[in-house]
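Undergrad: Dropping the structure in here first, questions after.
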Amino acid sequence: MVKGFIAANGMEKKRTSDESEPGSILLSQVDRFGFIKLEQNSSEGLTKSRPTNEHEREETRIKKWRKMVGVGGSDWKQYVRRKPHVVKRRIRKGIPDCLRGLVWQLISGSRDLLLMNPGVYEQLVIYETSAAELDIIRDISRTFPSHVFFQQRHGPGQRSLYNVLKAYSVYDRDVGYVQGMGFLAGLLLLYMSEEDAFWLLVALLKGAVHAPMEGLYLGVKVVFKVGLALLKFCHDDLIKLPFEKLIHALRNFPEDAMNPDTLLPLAFSIKVSKTLEELRQDYEKRNGGPLGQAGSTNRQLRAINHKEFSIMTEISNCVQKDDLSS
Numbered sequence: 001m002v003k004g005f006i007a008a009n010g011m012e013k014k015r016t017s018d019e020s021e022p023g024s025i026l027l028s029q030v031d032r033f034g035f036i037k038l039e040q041n042s043s044e045g046l047t048k049s050r051p052t053n054e055h056e057r058e059e060t061r062i063k064k065w066r067k068m069v070g071v072g073g074s075d076w077k078q079y080v081r082r083k084p085h086v087v088k089r090r091i092r093k094g095i096p097d098c099l100r101g102l103v104w105q106l107i108s109g110s111r112d113l114l115l116m117n118p119g120v121y122e123q124l125v126i127y128e129t130s131a132a133e134l135d136i137i138r139d140i141s142r143t144f145p146s147h148v149f150f151q152q153r154h155g156p157g158q159r160s161l162y163n164v165l166k167a168y169s170v171y172d173r174d175v176g177y178v179q180g181m182g183f184l185a186g187l188l189l190l191y192m193s194e195e196d197a198f199w200l201l202v203a204l205l206k207g208a209v210h211a212p213m214e215g216l217y218l219g220v221k222v223v224f225k226v227g228l229a230l231l232k233f234c235h236d237d238l239i240k241l242p243f244e245k246l247i248h249a250l251r252n253f254p255e256d257a258m259n260p261d262t263l264l265p266l267a268f269s270i271k272v273s274k275t276l277e278e279l280r281q282d283y284e285k286r287n288g289g290p291l292g293q294a295g296s297t298n299r300q301l302r303a304i305n306h307k308e309f310s311i312m313t314e315i316s317n318c319v320q321k322d323d324l325s326s
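With the first letter of the sequence shown counted as 1, position 202 gets the number 202 in full-length UniProt numbering; the numbers rise by one all the way through.
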């Protein structure tokens with residue numbers, strides 16, 4: 001994956017005198033997803049060795065997924081109808097990186113949108129104009145600036161991102177372009193072509209198989225579980241650290257702890273206790289959220305505090321009046 005990005009941007013060069021040109025990046029300086037490694041993110045004391053059989057397990061997973069998906073997705077719909085629970089379980093374990101682009105299109109229904117609208121994307125990019133073009137151009141360089149595919153100014157990555165965002169702003173004029181949309185489109189471009197990324201963006205924002213932005217607020221629960229998974233993964237190393245190093249470690253988890261193929265299955269396997277769930281609902285209730293009934297105690301406490309504050313205010317006013325009269 002990373003090699004493809006570097007080669008596409010003309011960044012994979014031999015050791016020559018011009019290797020140090022601005023913008024040239026060595027393959028060893030990027031992680032498996034194409035992001036430039038930051039040395040300061042290495043965390044002292046938090047190191048995990050990868051299991052020796054991890055590669056074999058990954059190959060087995062890929063074979064299962066290829067059989068489930070079929071050539072170009074030909075077997076997908078039939079398999080989903082026959083074994084929906086198997087599909088759900090495997091998705092939660094993690095879609096193999098080499099198949100994510102295709103599977104995302106199949107899950108979202110964007111592949112069907114593409115087939116039903118031949119030539120539409122090209123029309124939007126070449127012949128249409130967008131009122132948001134200047135805004136898109138301004139934000140392009142801010143999107144994944146540490147990724148090799150988008151680093152080159154006016155390079156293939158930035159051009160593809162501009163085309164997708166411009167096309168969507170014309171296709172859905174009610175929404176147009178909003179800041180932050182580039183990160184979603186940029187992620188899709190790392191796994192698929194421009195046209196595929198555009199129709200997947202349409203499926204996500206306007207809906208195809210699923211309702212528009214379905215499951216958006218489930219992200220809060222997922223982030224919470226991922227946080228618990230990180231703590232569980234690094235538990236043995238964290239408890240050995242002195243306090244002054246613990247804060248730094250929590251801000252700089254090691255690269256192997258951030259491996260999604262390991263982290264997400266662990267996150268989904270964590271069972272949140274009933275008490276913890278009640279505390280979460282109570283917190284959301286106190287902050288204006290509509291979830292749960294666990295906030296009744298806090299509402300009573302706030303009412304008591306408000307009443308006490310009112311009484312103290314009246315006493316203070318009376319004291320001030322007495323002082324003035326005397």
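Positions of the beta carbon are idealized from the N, C-alpha and C atoms, including for glycine. These numbers come from a predicted model, not from an experiment.
Taking 8 angstroms as the cut-off, does the segment 102-110 touch the segment 68-82 (at least 3 CB pairs, one atom from each stretch)?
TA: Touching, per the Cβ criterion.
Undergrad: Three Cβ pairs or more, each shorter than 8 angstroms: is that satisfied between the segment 144-154 and the segment 185-193?
TA: Short answer: they touch.
Undergrad: Span of the alpha helix (DSSP H) holding L200?
TA: It spans 194-206 - the alpha helix (DSSP H) in which L200 sits, taken as one unbroken run.
Undergrad: Please state whether DSSP places F35 in a helix, a strand or coil.
TA: In this structure, F35 counts as strand in the three-state DSSP scheme.
Undergrad: In terms of alpha-carbon separation, which member of R81, K166, D236 lies closest to residue 355?
TA: The requested residue 355 is not part of the displayed model; the chain covers only 1 to 326.
Undergrad: For H55, does the three-state DSSP call read helix, strand or coil?
TA: In this structure, H55 counts as helix in the three-state DSSP scheme.
Undergrad: Work out the CA separation of M258 and L38 for me, nearest whole Å.
TA: Cα to Cα, L38 sits roughly 14 angstroms from M258.
Undergrad: For a test of the three-state rule: what should DSSP assign to V30, helix, strand or coil?
TA: Strand at V30.
Undergrad: Can you give me the start and stop residues for the alpha helix (DSSP H) that I137 sits inside?
TA: Element bounds for I137: 133-140.
Undergrad: Please report how far the alpha carbon of L201 lies from the alpha carbon of A185, in whole angstroms.
TA: Approximately 7 angstroms, taken between the alpha carbons.
Undergrad: Alpha carbon to alpha carbon, what distance is there between D139 and residue 330?
TA: The structure shown does not extend to residue 330, since the chain is modelled only from 1 to 326, so the question has no answer here.
Undergrad: For H147, write down the residues that DSSP places opposite it in a beta bridge.
TA: Looking at the DSSP assignment, H147 forms a beta bridge with F35.
Undergrad: Would you identify the three-state DSSP class for G182, choosing helix, strand or coil?
TA: Three-state result, G182: helix.
Undergrad: For E194, count neighbouring C-beta atoms within 10 Å of its own C-beta (all shown protein chains included) and say buried if the count is 16 or more, exposed if not.
TA: The residue is buried, with at least 16 neighbouring Cβ atoms inside 10 Å.
Undergrad: Among N53, R92, D97, which has the Cα closest to the Cα of R66?
TA: Comparing Cα positions, the closest option is D97.
Undergrad: Cβ of T143 within 8 angstroms of Cβ of G182?
TA: Their beta carbons are under 8 angstroms apart, which means T143 touches G182 by this criterion.
Undergrad: Please check the pair V164 and A132, which I expect to be a contact at CB under 8 angstroms, by giving their CB distance rounded to whole angstroms.
TA: V164 to A132, Cβ: 13 angstroms. No contact.
Undergrad: Please work out which residues of its chain come closer than 7 angstroms, Cβ to Cβ, to E255, disregarding the five sequence neighbours upstream and downstream, and give them in chain order.
TA: Result list for E255: D31, in chain order.
Undergrad: CB I136 to CB Y171, shorter than 8 angstroms?
TA: No, Cβ-Cβ distance for I136 and Y171 is not below 8 angstroms.
Undergrad: Could you check what DSSP says for S74 in three-state terms: helix, strand or coil?
TA: If DSSP states are grouped into helix, strand and coil, S74 belongs with coil.
Undergrad: Measure from the alpha carbon of residue 348 to the alpha carbon of each residue in M68, R92, A249, then state which is nearest.
TA: As displayed, the chain neither begins before 1 nor continues past 326, which places residue 348 out of reach and without an answer.
Undergrad: Is it right to say L279 is buried, meaning 16 or more other beta carbons lie within 10 angstroms of its own, or is it exposed?
TA: L279 comes out exposed.
Undergrad: For my contact list, K225 and F253 are in at a C-beta cut-off of 8 angstroms; report their separation, rounded to the angstrom.
TA: Not confirmed; about 15 angstroms, so no contact.
Undergrad: Mind reading off the beta-carbon distance from M261 to G94? Whole number of angstroms is fine, and I expect it under 8 angstroms.
TA: A small fix is needed here, since residue 261 is Asp in this sequence, not Met. Their Cβ separation, rounded to whole angstroms, is 5 angstroms, which keeps D261 and G94 in contact under 8 angstroms.
Undergrad: Could you tell me the boundaries of the alpha helix (DSSP H) in which G157 lies?
TA: Per DSSP, G157 belongs to the alpha helix (DSSP H) from 156-171.
Undergrad: Cα separation between G155 and H85?
TA: Roughly 42 angstroms between the two C-alpha positions.
Undergrad: Quick check: what's the CA-CA separation for D174 versus V125?
TA: C-alpha separation (whole angstroms): 18 angstroms.
Undergrad: Tell me which same chain residues have a C-beta within less than 6 angstroms of the C-beta of P265, skipping the five on either side of it?
TA: Here the set comprises K93.
Undergrad: Hey, could you find the ends of the alpha helix (DSSP H) L263 is sitting in?
TA: Per DSSP, L263 belongs to the alpha helix (DSSP H) from 260-269.
Undergrad: If you compare alpha carbons, which of R251, K221, K77 is closest to C234?
TA: Among R251, K221, K77, the Cα nearest to that of C234 is on R251.
Undergrad: Given a threshold of 16 other Cβ atoms within 10 Å of its Cβ, counted over all protein chains shown, does L114 qualify as buried or as exposed?
TA: Buried.
Undergrad: By the three-class DSSP mapping on this structure, what secondary structure does C234 have?
TA: Coil at C234, not helix or strand.
Undergrad: Go through its chain and collect everything with a Cβ distance to R61's Cβ below 6 angstroms, but skip five positions before and after it.
TA: For R61, where only same-chain residues beyond five positions count, the Cβ hits under 6 angstroms are P96.
Undergrad: Is it buried or exposed, S273, if we count other Cβ atoms within 10 angstroms and call 16 or more buried?
TA: Exposed, by the Cβ-count rule.
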